[in-house]
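Below is one structure, written out as structure tokens; the observations come after it.
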Amino acid sequence: MSCLHYYNISNYTISSNVHNRDYSILLNFSIQNLRFAEPTIPKPIATILPENKEQLINTVVCCTKGPWEIRVRCGGHSYEGTSSVASDGDPFVIIDMMNLNRVSVDLGNETAWVEGGATLGETCHAIAESSGIHGFSAGSCPTIGTGGHIVGGGFGFLSRKYGLAADNVIDALLLHAEGELLDRQAMGEDVFWAIRGSG
């Protein structure tokens with residue numbers, strides 16, 4: 018964790034042999050599939066909550082330099098545990114995106130820029146605050162992370178008329194493991210297609 022200190026990242030909890038109440042609360046607050054809360058399931062050595070884009074980049078760089086696998090949690094609804102566990106038993110950290118939850122709505126272009134930690138509720142609320150007639154074709158559960166929802170396709174009540182949430186994404190930022198932010202042009206169309214559910 019010394020690498021995190023080097024980059025002035027202090028918003029994280031670590032596992033220890035002594036019961037750490039903050040660690041347990043942060044780890045378990047959004048687990049929807051309770052089997053991942055069982056004591057026999059491997060737990061992360063840390064849960065890190067970057068507060069801005071720079072901290073996110075530095076967190077990823079630190080974790081890739083160390084011996085840890087990375088799990089990204091946008092809302093915690095993954096019933097497969099992809100954001101909560103490492104099935105191979107390797108040490109891992111959770112990077113929880115909850116503080117990166119800003120939603121900027123541009124009514125002129127009829128677009129919204131949604132950070133990876135925003136939930137569907139936060140996204141729909143920001144759109145509704147900006148316009149009484151605009152919406153977003155996505156699911157209806159307000160606590161689902163928008164990022165994870167879109168990567169899975171993004172099924173919802175409006176999908177038959179307006180397509181999946183992923184069909185409506187026109188750009189994205191992808192953080193490369195070496196700390197480079199890639200937009201749609203830089204990542205290429207194949208990767209852009211893949212992060213939108215691959216089809």
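Count along the sequence shown from 1, add 17, and you get the number used in this note's numbering.
Where a beta carbon is used, it is the ideal one built from N, C-alpha and C, also for glycine.
For F109, the secondary structure class from DSSP, reduced to helix, strand or coil, is strand. No Cβ-Cβ contact shorter than 8 Å links L73 with L199. Between A183 and G173, the CB-CB gap reaches or exceeds 8 Å. By the neighbour-count criterion, in which a residue is buried when 16 or more other Cβ atoms sit within 10 angstroms of its Cβ, S27 is exposed.
Comparing alpha carbon positions, the residue from T76, F209 and L124 closest to S19 is T76. By the CB criterion at 8 Å, S101 and I48 fall inside the cutoff. In this structure, the alpha-carbon of V120 lies about 29 Å from that of E86. With the rule of 3 Cβ pairs closer than 8 Å, the segment 147-166 counts as touching the segment 106-125. Secondary structure at Y24: coil, using DSSP grouped into helix, strand and coil.
Residue range V120 to D123 is occupied by the beta strand (DSSP E) that includes S121, with no alpha helix (DSSP H) assigned at that position. When the alpha-carbon of A194 is set against those of M115, D188, N185 and M204, the nearest one is in M204. Annotated as proximal: P159 and L137, with beta-carbon spacing under 8 Å.
Beta-bridge annotation (DSSP): I65 is paired with Y29 and I112. A direct Cα-to-Cα measurement between M115 and R52 gives close to 22 Å.
Taken in chain order, the complete beta strand (DSSP E) segments of 3 residues or longer contained in the segment 116-196 are 120-123 and 128-131. Rounded to the nearest whole angstrom, the C-alpha separation of D39 and G165 is 25 Å. Between L44 and S95, the alpha-carbon positions lie close to 14 Å from each other. In its chain, beyond the 5 residues on either side, Y96 have a beta carbon closer than 6 Å to the beta carbon of N50.
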